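J.: This is the structure I want to talk about, given as structure tokens.
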Amino acid sequence: RERGSSSFNYGAYHPLETIYQEMDNIVAEYPKIVSKLQIGESYEKRPLYVLKFSTGGKNRPAIWIDAGIHAREWVTQATALWTAKKIASDYEYDPSVNSLLNTMDLFLLVVANPDGYVFSHTENRMWRKTRSKTPGSPCVGVDPNRNWDAGFGGPGASSNPCSDSYHGPSADSEVEVRSVVDFIKSHGNVKAFISIHSYSQLLMFPYGYTCDNIRDRAELDNVARTAANALTSLYGTQYKVGPICSVIYQASGGSIDWSYNYGIKYSFAFELRDTGRHGFLLPADQIIPTARETWMGLKSIFEHVRDHPY
Amino acid sequence: LENFAGDQVLRVEPCNEEQVRLLKELRALEPLQLDFWRFPSYPNEPADVQVPFACLQDVKVFLESRGIKYCVMIEDIQAAVDEERREMYLNQR
Chain A
2 RERGSSSFNY GAYHPLETIY QEMDNIVAEY PKIVSKLQIG ESYEKRPLYV
52 LKFSTGGKNR PAIWIDAGIH AREWVTQATA LWTAKKIASD YEYDPSVNSL
102 LNTMDLFLLV VANPDGYVFS HTENRMWRKT RSKTPGSPCV GVDPNRNWDA
152 GFGGPGASSN PCSDSYHGPS ADSEVEVRSV VDFIKSHGNV KAFISIHSYS
202 QLLMFPYGYT CDNIRDRAEL DNVARTAANA LTSLYGTQYK VGPICSVIYQ
252 ASGGSIDWSY NYGIKYSFAF ELRDTGRHGF LLPADQIIPT ARETWMGLKS
302 IFEHVRDHPY
Chain B
693 LENFAGDQVL RVEPCNEEQV RLLKELRALE PLQLDFWRFP SYPNEPADVQ
743 VPFACLQDVK VFLESRGIKY CVMIEDIQAA VDEERREMYL NQR
């Protein structure tokens with residue numbers, strides 16, 4: 002049995018219980034800088050746990066990271082867990098992590114859609130949505146990345162409850178989304194919002210619900226390109242960079258559009274390594290390389306956020 | 693447990709706005725139960741779509757009759773799922 006973060010196999014896919022257990026192990030091993038918060042419960046009453054990395058201080062400026070809002074993108078949750086361990090174990094050894102955590106707090110939601118994640122392990126490997134029931138429809142679930150209050154119900158989201166991109170009955174209708182929104186609002190000092198997905202290697206910034214440019218486009222483009230270059234430097238993985246609308250497609254109700262409109266300038270979405278040849282079934286031997294290269298990109302963004310307070 | 697035996701993932705490459713529009717129409721056809729992994733967006737940007745085995749012929753005919761380029765990216769999703777499950781089982785052991 003995997004009993005502690007030193008013996009845990011980060012290069013494998015794990016069920017939710019094992020991930021949650023490992024989060025507890027990390028907290029137990031690094032109690033000075035890591036703690037666990039529960040920010041809510043999923044539709045099926047599973048806890049939504051956030052790891053908080055902090056060296057103290059009161060309501061410091063913070064960075065938010067969530068992973069796995071689309072359940073089937075398993076390398077995302079696996080990368081987030083590896084990242085948690087990396088931050089905790091590098092503190093006191095990596096000057097960049099020290100400097101970051103001496104200035105800011107970091108919140109990491111490792112499994113943003115636990116119901117969907119469990120369903121993708123037990124019933125349908127290709128499940129992407131939440132598991133909420135829609136009155137009057139036989140179909141289950143809402144695409145939680147079409148459910149945020151940013152151009153809700155607009156282009157690039159479906160009003161059909163059976164669609165994989167169903168936007169839901171109203172903005173924030175999904176408790177998984179509402180819990181994050183409530184947490185960010187109650188915190189009040191979040192300066193960066195990073196959402197991690199995995200398909201086709203992209204690093205994006207707002208907007209998705211409209212193809213209009215954001216006010217901070219030049220800066221965010223620059224930050225994203227620097228981060229993508231840092232990521233590429235490790236294994237040569239090529240990333241495309243730009244606004245969601247032009248890099249992939251117009252999609253409304255997305256998380257980073259909401260966060261940007263809420264006032265969090267440094268809002269980014271990663272789509273991690275996956276050429277599509279394996280679909281979402283990225284072989285386990287690519288988990289750690291994916292996590293390692295993503296860490297390079299994340300650190301680059303962290304450093305910019307730390308050095309450019311606003 | 694859902695079985696994906698024979699389901700394929702097609703990478704579709706629309707070359708103009710009209711073909712993008714057709715793909716969006718295809719996406720809206722609920723009975724086909726298509727799962728777009730990457731949505732149709734702009735000309736020359738690929739879209740990836742998981743097609744259930746039962747609809748493969750219909751979808752391929754639709755694409756070919758309209759001159760929309762595609763290739764089979766994943767031959768059999770169930771085979772990939774089975775391989776993943778085997779790996780996880782070995783790992784747990």
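Just so you know, the protein sequences line up as chains A and B, in that order.
Residue numbers 2 to 311, in this note's numbering, belong to the letters of the first sequence in order.
Residue numbers 693 to 785, in this note's numbering, belong to the letters of the second sequence in order.
In this text, a Cβ means the ideal position worked out from N, Cα and C, and glycines have one as well.
Fair warning: this is a prediction, and the values are worked out from it, not measured in the lab.
#1: In three-state terms, what does DSSP make of A:Arg129?
#2: Since A:Gly254 meets chain C, which of its residues come closer than 9 Å, beta carbon to beta carbon?
#3: What residues of chain A sit near B:Glu694, judged by a beta carbon separation below 8 Å?
#4: Going by other Cβ atoms of all chains shown within 10 Å of its Cβ, with 16 needed for buried, is A:Cys212 buried or exposed?
#5: What residues from the region 751 to 766 of chain B come within 8 Å of chain A, judged by C-beta to C-beta, listed N to C?
#6: Within the 8 Å Cβ cut-off, does B:Asn783 reach chain A?
#7: Can you list, in chain order, the stretches of the beta strand (DSSP E) that have 3 or more residues and sit fully within the region 80 to 118 of chain A?
#8: Thinking C-alpha only, which one of A:Leu17, A:Glu18 and A:Glu23 is nearest A:Asn10?
#9: Quick check on DSSP: helix, strand or coil for B:Gln711?
#10: Going along the chain, which residues of its own chain have a beta-carbon closer than 8 Å to the beta-carbon of A:Thr104, five neighbours each way excluded?
#11: Note down, in chain order, all residues in the region 151 to 185 of chain A with a beta-carbon under 9 Å from any beta-carbon belonging to chain B.
#12: In this structure, does DSSP put A:Leu283 in helix, strand or coil?
#13: Hey, A:Asp150 and A:Trp259: beta-carbon distance below 8 Å or not?
#14: In three-state DSSP terms, what is B:Arg778?
#15: Measure the beta-carbon distance from A:Leu110 to A:Val51 and round it to whole angstroms, keeping in mind my assumption that it falls under 8 Å.
#16: Report the CB separation of A:Ala252 from A:Arg147 in whole angstroms; it is logged as a contact under 8 Å.
#17: Between A:Gly277 and chain B, is there a C-beta pair that is closer than 8 Å?
#18: Just the chain A side, please: which residues come within less than 8 Å of B:Val741 by C-beta, in chain order?
#19: Within 10 Å of its beta-carbon, does A:Glu93 have 16 or more other beta-carbons around it, so buried, or fewer, so exposed?
#20: Helix, strand or coil, according to DSSP, for A:Glu177 in the structure here?
#21: Can you find a CB in chain A that lies within less than 8 Å of the CB of B:Phe731?
#22: Give me, in chain order, the residues of the same chain whose beta-carbon lies closer than 7 Å to that of A:Cys140; leave out the 5 immediate sequence neighbours on both sides.
#23: Leaving out the 5 sequence neighbours to the left and right, which residues in its chain are closer than 6 Å to A:Gly209 when beta-carbon positions are compared?
#24: What are the residues in the region 277 to 292 of chain A lying within 8 Å of chain B by C-beta distance?
#25: Can you pull out the residues from the region 194 to 226 of chain A whose beta carbon lies closer than 9 Å to at least one beta carbon of chain B?
#26: Apply the 10 Å Cβ neighbour rule to A:Ser268 and answer buried if 16 or more other Cβ atoms are within range, or exposed otherwise.
#27: Just the Cα atoms here: how many angstroms apart are B:Gln784 and A:Val176?
#28: Chain B partners of A:Ile20, CB-CB under 8 Å?
#29: Residues of chain A with a CB under 8 Å from the CB of B:Ala772: which are they?
T.: The relevant details are as follows:
#1: Counted from its first residue, the first sequence places residue 129 of chain A at position 128. Residue state, collapsed to three classes: coil.
#2: This model lacks chain C altogether; the protein chains it does include are A and B.
#3: Stepping through the second sequence from its first residue, residue 694 of chain B is reached at position 2. Within chain A, the C-beta atoms nearer than 8 Å to that of B:Glu694 come from Glu124, Asn125, Arg126 and Met127, in chain order.
#4: Along the first sequence, read from residue 1 onward, the residue named residue 212 of chain A stands at position 211. Result: exposed.
#5: For the region 751 to 766 of chain B, which is checked against every Cβ of chain A, the residues closer than 8 Å are Met765 and Ile766.
#6: As a first step, residue 783 of chain B is located in the second sequence; it is residue number 91 there, counting from the start. Closer than 8 Å to some Cβ of chain A, the Cβ of B:Asn783 qualifies, so yes.
#7: Taking only runs of at least 3 residues, the beta strand (DSSP E) segments lying wholly in the region 80 to 118 of chain A are 106 to 110.
#8: In the first sequence, counting from the first residue as 1, residue 10 of chain A sits at position 9. Checking every option, the nearest Cα to that of A:Asn10 belongs to A:Glu23.
#9: The sequence position of residue 711 of chain B within the second sequence is 19, counting from 1. Three-state result, B:Gln711: helix.
#10: The residue given as residue 104 of chain A occupies position 103 in the first sequence. Answer for A:Thr104: Arg61, Pro62 and Arg307, listed in chain order.
#11: Residues are counted here when their Cβ sits less than 9 Å from a Cβ of chain B; for the region 151 to 185 of chain A these are Gly157, Ser159, Asn161, Cys163, Ser164, Asp165 and Ser166, given in chain order.
#12: Residue numbering aside, residue 283 of chain A sits at position 282 when the first sequence is read from its first letter. Coil, per DSSP.
#13: For the purposes of this step, residue 150 of chain A is taken as the residue at position 149 of the first sequence. For the purposes of this step, residue 259 of chain A is taken as the residue at position 258 of the first sequence. The answer is yes: Cβ separation under 8 Å.
#14: As a first step, residue 778 of chain B is located in the second sequence; it is residue number 86 there, counting from the start. In the structure shown, B:Arg778 sits in a helix (DSSP, three-state: H, G or I).
#15: The sequence position of residue 110 of chain A within the first sequence is 109, counting from 1. The sequence position of residue 51 of chain A within the first sequence is 50, counting from 1. So it is a contact: roughly 5 Å between Cβ atoms.
#16: For this step, residue 252 of chain A is matched to residue 251 along the first sequence. For this step, residue 147 of chain A is matched to residue 146 along the first sequence. Rounded to whole angstroms, the Cβ separation of A:Ala252 and A:Arg147 is 7 Å, and the two are in contact under 8 Å.
#17: Within the first sequence, the letter at position 276 stands for residue 277 of chain A. Yes, A:Gly277 counts as interfacial toward chain B.
#18: Working through the second sequence from its first residue, we reach residue 741 of chain B at position 49. Result: empty, since nearest Cβ-Cβ is about 11 Å, beyond 8 Å.
#19: Against the first sequence, residue 93 of chain A aligns to sequence position 92. Within a 10 Å sphere around the beta-carbon of A:Glu93 sit fewer than 16 other beta-carbons, which makes this residue exposed.
#20: Position 176 of the first sequence, counted from the start, is the residue given in the question as residue 177 of chain A. The three-state reading of DSSP puts A:Glu177 in helix, counting H, G and I together.
#21: If you number the second sequence from 1, residue 731 of chain B lands on position 39. B:Phe731 counts as touching chain A.
#22: On the first sequence, position 139 is the one that residue 140 of chain A refers to. Taken in chain order, the residues that qualify are Pro162 and Cys163.
#23: Position 208 of the first sequence, counted from the start, is the residue given in the question as residue 209 of chain A. The beta carbon of A:Gly209 sits closer than 6 Å to the beta carbons of Ile245, Cys246, Ala252, Gly255 and Asp258 from its chain, once the five residues preceding and following it are set aside; these are given in chain order.
#24: Residues passing the 8 Å Cβ filter: Gly277, Arg278, His279, Gly280, Phe281, Leu282, Pro284 and Ala285.
#25: Hits within the stretch, in order: Tyr200 and Ser201.
#26: Taking the first sequence and counting its residues from 1, one reaches residue 268 of chain A at position 267. Burial call: buried.
#27: The sequence position of residue 784 of chain B within the second sequence is 92, counting from 1. The sequence position of residue 176 of chain A within the first sequence is 175, counting from 1. Their Cα atoms are separated by approximately 32 Å.
#28: Here residue 20 of chain A refers to the residue found at position 19 of the first sequence. Near A:Ile20 there are no residues of chain B at all, since even the closest Cβ is about 14 Å away, more than 8 Å.
#29: For the purposes of this step, residue 772 of chain B is identified with residue 80 of the second sequence, where counting begins at 1. In chain order: His279, Gly280 and Leu282.
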